[in-house]
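Notes follow once the structure below has been shown.
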Amino acid sequence: MVPMQKTPPIAPFVTGGVWFIIALAVASLSGCKRPSTTAILGINNWELYLPKTHEWLPVTVPGDAVTDLLKHERIPDPFFGTYEDSLQWLEQQNWVYRTRVLVSDYATESVLRFEGLDTYASIVVNDSLLLETDNAHRAYEVALPPSEDAWNIEVTLHSPVERGQAILDAQPRNIPVSNEIKPIGQQTSSVTRKPYYHFGWDWGPRLVSAGISGPVTIVPAAQPQASSNRIQTAIAADGTALLTFESKHVWPTGSWTLTHPDGKQERIGANPTGGAHTIVTPKLWWPNGLGDQPLYRLTWTPDSPALHSLHWNIGLRTIEWVREPDAWGRSFACHVNGVRVQARGANVIPADFFTVRGSVNEVSRLQSAVDANMNMVRVWGGASYPSEQFYHFCDSAGLLVWQDFMFACAMVPSDSAYVANVTAEAEHQVKRLRHRPSLALWCGNNESQKAWESWGWPDLFDLHGADSIATEEAYAAVFHHALPSVVESESDAFYWPSSPARDPRAAYALDSGDEHAWRVWFDTLDFDFFSAHDGRFASEYGLQSLPDAWTLSKVGIDAFEDEALQFRQRSKMEW
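Sequential numbering of the sequence shown, starting at 343, is according to our numbering.
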């Protein structure tokens, strides 16, 4: 057992803060039978195998190998002192999770569903390989085989670095990426569909762990998925609202009910493929500070007791990104219900390096944004797609969401398998979130276009001539074709290809689009820069800062020169 430190385990990273300002003028399994309930596997009935000691440890799911080892005191806290360096061996390990589920607790034909497998996973049930995965941002499901008594489920999570290296070695050219402090040719984050920040960032450590990062459920094979129902709303000129809902597949028989914000309920149909309903006196949904956030609740109730009801919270609103020529170039303005919104908000990065731990404070962080009179948050593209809890809060509190796809500061592979993989990822996430009134837009990536144009990548990664053209074509295949095609076909949302980005023919970089205004920090300009700056929409800016001295003192840091503090400085400047 590794000797554990008794001092408080969290030493903050020197960072620009969890928020960067945006500016603009489950239950554990039991013996009881419940064939009509989706049981969440996890809590206390999973085990993790430790290859070094050949033992099984009880763990919880969702989770990951690092936090599981921390709970059992098998490793020191990577956030204390400089222990991060001593734990880099973790990224080379394979990890095996297992559980046993009684067949009698579930429907005869059942599906095993994973909401988060990070990242390269092999799923074995009763000694048969059923599924292999390669994307932490997708959901996967597989039919469970017939069994007389139990399903023995084993999930092997392969080293993301070793698997990624094999993929990277097969690439015909270098793939630029900026976050990973590794030699060119070893930067596997560029080909691995897991959160980029796991490989290191300018605000956090490198801990390339693996785990089951989302819920694991067993559901009846006939159970529809909520995301397969497309809900659309329209506000008519006469003030009424039209609600439509439809699925591309025929659902089992059942009924549809609409619950109004005041609690009134209406049965609005029984068509298994959907329907339409007019709301005569709709209550409109508004961003924080401009009005209330009344939510309607659409419910599908199946006729079969073996299936589960599904619910969607709906806000009636119109949203438009107005991009019109004006005296300064071309506007980039968000209008809700025809009213221009002055966006006031912040960027969201992980509240904790480990997603499950961070979810505990997710709502309180968002509440602090509301308390500060913010009306928009930007979900930054180097992490993970937000949870349902995140969007539930934003819907109810009036926080608009600028939603990045999970790409950041990197170019992409050109092979068709990669494009198909990220297309499936986009389809899953767009369908999951398309009914959310808080969703303001989808953005292709964070700073990848800017980096290619301005950060010297062609020279640094030796991409010239045909290689440069191929790199740009691979980028276009994802961010100008695959992702916008999914957004257009599966939702009514606005798509913006990259952040920051401008119109291709803009005479001046700030005439159109959005920008990341970091020059006060990066270029040490005076604060007057912000007053004189005339960009159209600042989707990111900020300053690096230290935590409060009291916070630092709690982890034994009392001087700027402290080794542990300087170890956490991941964005050093020449000045």
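Note that CB positions come from ideal geometry on N, CA and C, so glycine has one too.
Can you find a C-beta in chain B that's less than 8 Å from the C-beta of residue i?
| i | result |
| --- | --- |
| D634 | In summary, chain B is missing from the structure at hand, where a single protein chain is found. |
Measuring alpha carbon to alpha carbon, tell me which of the options ends up nearest residue i.
| i | options | result |
| --- | --- | --- |
| D469 | A492, N477, L459, T475 | A492 |
| V897 | L392, F422, S887 | F422 |
| G458 | T559, Q529, V438 | T559 |
| S464 | S756, A449, Y439 | Y439 |
| N715 | Y462, V721, D694, V683 | V683 |
| P935 | V592, Y883, H875 | Here the chain covers residues 343 to 917 and nothing more, so residue 935 does not appear. |
| F879 | T866, S887, P842 | P842 |
| A478 | T697, F735, I523, C785 | T697 |
| K394 | P636, D427, Q435 | Q435 |
| L783 | A750, V820, L741 | L741 |
| S881 | G605, I577, N689, A579 | N689 |
| A750 | E815, Y760, H806, K792 | K792 |
| A576 | H619, A612, G506 | H619 |
| M748 | R572, S758, E916, E789 | E789 |
| F864 | Q886, T623, S873, H875 | Q886 |
| R776 | D900, W654, E490 | W654 |
| A564 | G884, S651, A901 | S651 |
| F732 | A891, L781, G723, R861 | L781 |
| S738 | K773, A768, A759, R778 | R778 |
| S831 | S796, C676, A711, R572 | R572 |
| H540 | S589, I691, M915, H677 | I691 |
If you draw a straight line from the C-alpha of residue i to the C-alpha of residue j, how long is it?
| i | j | result |
| --- | --- | --- |
| T586 | G631 | 28 Å |
| T893 | Q430 | 26 Å |
| R707 | G855 | 28 Å |
| D447 | E666 | 59 Å |
| F871 | H858 | 13 Å |
| S378 | S452 | Here S378 scores only 45 on pLDDT, less than 50, and its place in the model is too uncertain to base an answer on. |
| T641 | S531 | 41 Å |
| G358 | R686 | Residue placement at G358 is poorly supported in this model, since its pLDDT is 32, which falls under 50; the coordinates still yield a value, given next. Going by the C-alpha atoms only, they are around 18 Å apart. |
| E397 | Q574 | 52 Å |
| G384 | R699 | Caution is warranted here: a pLDDT of 47 is assigned to G384, below 50, making its placement in the model unreliable, and no coordinate value can be reported. |
| N763 | S570 | 19 Å |
| E496 | L471 | 9 Å |
| R554 | W799 | Per the sequence presented here, residue 554 reads as Ile, with Arg not at that position. Looking at the two C-alpha atoms, the distance is approximately 34 Å. |
| Q607 | S913 | 55 Å |
| R639 | I661 | 20 Å |
| N717 | A449 | 44 Å |
| D804 | I517 | 10 Å |
| V754 | D604 | 48 Å |
| Q709 | C736 | 9 Å |
| P502 | Y462 | 6 Å |
| K375 | G596 | Its pLDDT being 41, under 50, K375 is placed unreliably by the model, and the measurement read from it follows with that caveat. Approximately 24 Å between the Cα atoms of the pair. |
| I526 | A693 | 30 Å |
The alpha helix (DSSP H) spanning residue i covers which residue range?
| i | result |
| --- | --- |
| G506 | 502-511 |
| I656 | First-last for I656: 652-656, but that is the beta strand (DSSP E), not the alpha helix (DSSP H). |
| T582 | T582 -> no alpha helix (DSSP H), and no H or E assigned at all. |
| I691 | I691 -> no alpha helix (DSSP H), and no H or E assigned at all. |
| F456 | Run containing F456: none in the alpha helix (DSSP H); it sits in the beta strand (DSSP E), 452-456. |
| P826 | 825-832 |
| R699 | 697-700 |
| I417 | First-last for I417: undefined, no H or E at that position. |
Would you mind stating whether residue i and residue j have Cβ atoms separated by less than 8 Å?
| i | j | result |
| --- | --- | --- |
| R455 | E474 | no |
| P644 | P594 | yes |
| V719 | V702 | no |
| D845 | N787 | no |
| G581 | W598 | no |
| L584 | W627 | no |
| F821 | S833 | no |
| A752 | P537 | no |
| Y837 | V829 | yes |
| L499 | W545 | no |
| L549 | E426 | yes |
| D419 | L390 | no |
| P728 | P557 | no |
At what residues does the beta strand (DSSP E) containing residue i begin and finish?
| i | result |
| --- | --- |
| N521 | No beta strand (DSSP E) holds N521; DSSP gives it neither H nor E. |
| L471 | 470-476 |
| G616 | 616-621 |
| A492 | 492-499 |
| V862 | Not the beta strand (DSSP E): V862 falls in the alpha helix (DSSP H), residues 861-864. |
| S531 | Note, S531: premise wrong, no beta strand (DSSP E); not H, not E. |
| Q607 | 607-611 |
| Q709 | From DSSP, Q709 is part of no beta strand (DSSP E) but of the alpha helix (DSSP H) over 704-713. |
| Q574 | 571-577 |
| V558 | 558-562 |
| W838 | 836-838 |
Quick check: is any heavy atom of the ligand MG less than 7 Å from the C-beta of residue i?
| i | result |
| --- | --- |
| E504 | This structure lacks the ligand MG, and indeed carries no ligand of any kind. |
Uninterrupted alpha helix (DSSP H) stretches inside the stretch 733-798 (no shorter than 4 residues): 758-775, 790-796
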